[in-house]
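Protein chains in written order, with my numbering: chain A, 2 to 298; chain B, 195 to 366.
Structure first, then comments.
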Amino acid sequence: MANILPPAERRSVILVMTYAALSLFLLVVGERIPTAALRSAGATVFEPFDRVALWGDRALMAWRENQELHRRITTLELQNRQLRGAQHENQSLRAQLGLPEWRGLVVHPVEVLALSGDPTPTAATLSAGAKQGVKVGDAVMTSDGLIGRVSEVYGTLSRASLLTDPNLAVACEVESTGVNGILRYTPSPLPRLLITAVPLADTIRLGERVMTSDLSVRFPRGIPVGTVTRMTRDATGLMQEIEVWPAAQLSRMRHAFIVPGPTMPVDGMVRPRLEFEPVRSAVTGALTARDSTKRAR
Amino acid sequence: MRPILGFMWLAAIALLIRTTALSSLATHGILLDVLAFATVVWALRHGDAWGSTLGFLLGLAADLDAAHWLGRHALGLSLLGYAVGRLSNTLVRESARTQFVMLATATALHQSWSAAFEWSGGVAGIPFLLTRVLVATLATAPVGTLLLMGLRRLTGRPLFGHAQRTSSTHPG
Numbered sequence: 002m003a004n005i006l007p008p009a010e011r012r013s014v015i016l017v018m019t020y021a022a023l024s025l026f027l028l029v030v031g032e033r034i035p036t037a038a039l040r041s042a043g044a045t046v047f048e049p050f051d052r053v054a055l056w057g058d059r060a061l062m063a064w065r066e067n068q069e070l071h072r073r074i075t076t077l078e079l080q081n082r083q084l085r086g087a088q089h090e091n092q093s094l095r096a097q098l099g100l101p102e103w104r105g106l107v108v109h110p111v112e113v114l115a116l117s118g119d120p121t122p123t124a125a126t127l128s129a130g131a132k133q134g135v136k137v138g139d140a141v142m143t144s145d146g147l148i149g150r151v152s153e154v155y156g157t158l159s160r161a162s163l164l165t166d167p168n169l170a171v172a173c174e175v176e177s178t179g180v181n182g183i184l185r186y187t188p189s190p191l192p193r194l195l196i197t198a199v200p201l202a203d204t205i206r207l208g209e210r211v212m213t214s215d216l217s218v219r220f221p222r223g224i225p226v227g228t229v230t231r232m233t234r235d236a237t238g239l240m241q242e243i244e245v246w247p248a249a250q251l252s253r254m255r256h257a258f259i260v261p262g263p264t265m266p267v268d269g270m271v272r273p274r275l276e277f278e279p280v281r282s283a284v285t286g287a288l289t290a291r292d293s294t295k296r297a298r
Numbered sequence: 195m196r197p198i199l200g201f202m203w204l205a206a207i208a209l210l211i212r213t214t215a216l217s218s219l220a221t222h223g224i225l226l227d228v229l230a231f232a233t234v235v236w237a238l239r240h241g242d243a244w245g246s247t248l249g250f251l252l253g254l255a256a257d258l259d260a261a262h263w264l265g266r267h268a269l270g271l272s273l274l275g276y277a278v279g280r281l282s283n284t285l286v287r288e289s290a291r292t293q294f295v296m297l298a299t300a301t302a303l304h305q306s307w308s309a310a311f312e313w314s315g316g317v318a319g320i321p322f323l324l325t326r327v328l329v330a331t332l333a334t335a336p337v338g339t340l341l342l343m344g345l346r347r348l349t350g351r352p353l354f355g356h357a358q359r360t361s362s363t364h365p366g
């Protein structure tokens, strides 16, 4: 068959067949190949170009964003005054009830350099890495809420898996009722964030806020995740599925905050590992209770 | 030497745009398939061997970036590059209509191939994925054709030249 073609065309056929064979080989064994080092090299090479490409966009948005931030600072200052009073009250009440003290979140600002994934971004390249103290498993959030978790750390950069990564699981609770569940992204039949396997008896209302739960072994408690937009029965008809609209705008991320986590729960009890993630076993392995204890110290 | 520099330049630009400007557009539902566009343009200009090479390398970079299904984009784009390169021998490559049809077909095929990997949830998932393919095709083909028309105006000369035997410009 190959002899029928002229030599130049034969070379092209051999070339494309080699590419096809290589691609098929990668499709079969690709998941077993460690590719983090290649991504690290790619992120480092592209970092200056990413910054240049983003510069124009950011300069354009800076004026509007500045006005918005001024307005927001004023609102937050007012809220902050009210919250300080509430905090004192909360501390004294918790002390009277013998409950452990609530720890605030420590946040480190980072820049979002690039988004990966097609068509929905599933990962983001962040402008801080091992040198800045970023660790695999740290939560990533914006001022609006959770956006994901650090999945790979390079020298001065890191890669975060976003909530839209189907392998990311977040233990959540509905703020007002305390209903617990595991939130995941499902790309099909429609892309959405779902809390599955919630008992039908649990009361949930539309518009209620969903936060990270104290049961999470990966995320600190109390980070806003989203709001309830829909409740439906699951395929079995015995449980319900809760659709959640993310609190953070995943389409417009320029800056984010890295939240070191997870820490040992304040009550000292080891939590069950509910947030099963099929692919990122390395991350799961990294976040054992022993690590949590070290961090808590 | 010149095609290699152009090759590297196009690949870098395509990957850069994909992870910066186009990713935020994609979250708003506007999907411009820059990988298919770059592969089609390169294959039309330099033939099947170069087309499949760029498709393969671009696809591999996209697969590495996505961290899942390594080889998915690489396979689709290398075959697309080869097919477009082969067809470019027999087409009027400077025609806007030809470019539109090639871009639309390539985008539709590439998006369908990518979407097939995300398909789960039975028949209910098909309308969403089909809409995605359609939107990407309807966005990429006209924008890509307009871009090529603009480039032709800007440079003042044909982008693709006359049809020739593609494999004479073989990579390596």
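Ideal Cβ placement from N, Cα and C applies to all residues, glycine included.
Here the structure is a predicted model, which means the values were calculated and not measured.
Residues of chain A with a CB under 9 Å from the CB of residue i: which are they?
i	result
L225/B	D119, P120
S306/B	Correct list: empty, because the minimum Cβ distance to chain A is about 13 Å.
W236/B	Under the 9 Å cutoff, chain A gives no residues; its nearest Cβ is about 14 Å from W236/B.
S282/B	Those do not exist, as S282/B stays about 12 Å from chain A at its closest Cβ, beyond 9 Å.
S314/B	T187, P188, S189, P190
Can you tell me whether residue i is buried or exposed? The criterion is at least 16 other CB atoms within 10 Å of its CB, across all chains shown.
i	result
L195/A	buried
R196/B	exposed
W236/B	buried
W151/B	The first residue shown for chain B is 195 and the last is 366, placing residue 151/B beyond what the model contains.
F47/A	buried
A96/A	exposed
V199/A	buried
V29/A	exposed
I243/A	buried
L199/B	exposed
R281/A	Since pLDDT at R281/A reaches only 46, below the 50 mark, its modelled position is unreliable, and the value read off the structure follows with that caveat. Burial call: buried.
M343/B	exposed
A42/A	exposed
Can you check which of these residues, the options, is closest to residue i by C-alpha distance?
i	options	result
A260/B	N168/A, G86/A, T233/A, V53/A	N168/A
D139/A	G149/A, R12/A, K132/A	G149/A
L225/B	L342/B, S308/B, A268/B	S308/B
E153/A	S128/A, A172/A, D145/A, P7/A	S128/A
G253/B	F311/B, L238/B, H304/B	H304/B
A205/B	V228/B, G223/B, L274/B	V228/B
S217/A	S189/A, I183/A, T230/A	I183/A
S272/B	A232/B, S246/B, A310/B, L297/B	S246/B
L208/B	G241/B, R239/B, G249/B, T221/B	Reading the sequence as shown, one finds Ala at residue 208/B and not Leu. Among G241/B, R239/B, G249/B, T221/B, the Cα nearest to that of A208/B is on G249/B.
E312/B	G146/A, T157/A, L191/A	L191/A
In chain B, what lies closer than 9 Å to residue i by C-beta?
i	result
I34/A	L264
F47/A	A206, L209, L210, T213
Please state whether DSSP places residue i in a helix, a strand or coil.
i	result
F258/A	strand
Q250/A	coil
R196/A	Note on residue identity: the sequence assigns Ile, not Arg, to residue 196/A. The answer is strand: DSSP assigns I196/A an E or B state.
N168/A	coil
I198/B	helix
N283/B	coil
P110/A	strand
T339/B	helix
I224/A	coil
A202/A	coil
V300/A	No answer is possible for residue 300/A: the residues shown for chain A start at 2 and end at 298.
S214/A	coil
A115/A	strand
Residue i versus chain A: which residues are under 8 Å apart at the beta carbon?
i	result
G319/B	S189, P190, L191
F250/B	Y20, L23, S24
Can you list the residues of chain A that residue i reaches, using a CB-CB cut of under 7 Å?
i	result
P201/B	Pro is not the amino acid found at residue 201/B; the sequence shown has Phe there. Going along chain A, no residue has its Cβ under 7 Å from F201/B, so there is no contact; the nearest lies around 14 Å.
L324/B	Near L324/B there are no residues of chain A at all, since even the closest Cβ is about 11 Å away, more than 7 Å.
L332/B	Here the premise fails: no neighbours, minimum Cβ distance about 14 Å.
The ligand HEM and residue i: does the residue's C-beta get closer than 7 Å to at least one heavy atom of that ligand?
i	result
A237/B	For the structure depicted, the ligand HEM is absent and the ligand set is empty, with no information on it obtainable.
Residues of chain B with CB closer than 8 Å to the CB of residue i, please, in chain order.
i	result
D51/A	L210, T213, T214
A54/A	L210, I211, T214, A215
S177/A	Near S177/A there are no residues of chain B at all, since even the closest Cβ is about 29 Å away, more than 8 Å.
R40/A	L258, D259, A261
With a cut-off of 8 Å, does the C-beta of residue i fall near any C-beta of chain D?
i	result
F354/B	Absent from the structure is chain D; the protein chains it does hold are A and B.
Under 7 Å between beta-carbons, which chain B residues line up against residue i? List them in chain order, please.
i	result
A21/A	L269, S272, L273
A63/A	None at all; the shortest Cβ gap to chain B is about 16 Å.
Practice task
Spell out a yes or no on whether the region 60–77 of chain A and the region 290–301 of chain B are touching, meaning 3 or more CB-CB pairs, one atom from each, closer than 8 Å.
Solution key: Note that the region 60–77 of chain A does not touch the region 290–301 of chain B; fewer than 3 beta-carbon pairs, one per stretch, sit closer than 8 Å.
Problem - Segment contact, 8 Å Cβ cut-off, at least three pairs: the region 253–270 of chain B with the region 8–27 of chain A - result: Taking 8 Å as the limit for Cβ pairs, the verdict is that the region 8–27 of chain A does touch the region 253–270 of chain B.
Exercise for the section: Could you tell me whether the region 45–58 of chain A touches the region 109–127 of chain A, where touching means 3 or more Cβ pairs closer than 8 Å? Expected result: Contact check between the region 45–58 of chain A and the region 109–127 of chain A: three or more CB pairs, one atom from each, fall below 8 Å, which counts as touching.
Practice task
Determine, using beta-carbon pairs with one atom in the region 275–286 of chain B and one in the region 312–327 of chain B, whether at least three such pairs fall under 8 Å.
Solution key: Between the region 275–286 of chain B and the region 312–327 of chain B there are fewer than three inter-stretch CB-CB distances shorter than 8 Å, so the stretches are not counted as touching.
Problem - Contact the region 247–260 of chain A vs the region 211–227 of chain A: 3+ CB pairs below 8 Å - result: Yes, the region 247–260 of chain A is in contact with the region 211–227 of chain A.
Exercise for the section: Please determine if the region 207–215 of chain A and the region 168–187 of chain A are in contact, where contact requires at least 3 C-beta pairs separated by less than 8 Å. Expected result: Cβ pair count under 8 Å is three or more, so yes.
Practice task
May I ask you to verify whether the region 85–101 of chain A touches the region 118–137 of chain A, counting CB pairs closer than 8 Å and requiring at least 3?
Solution key: In this structure the region 85–101 of chain A does not touch the region 118–137 of chain A; the number of beta carbon pairs closer than 8 Å is below three.
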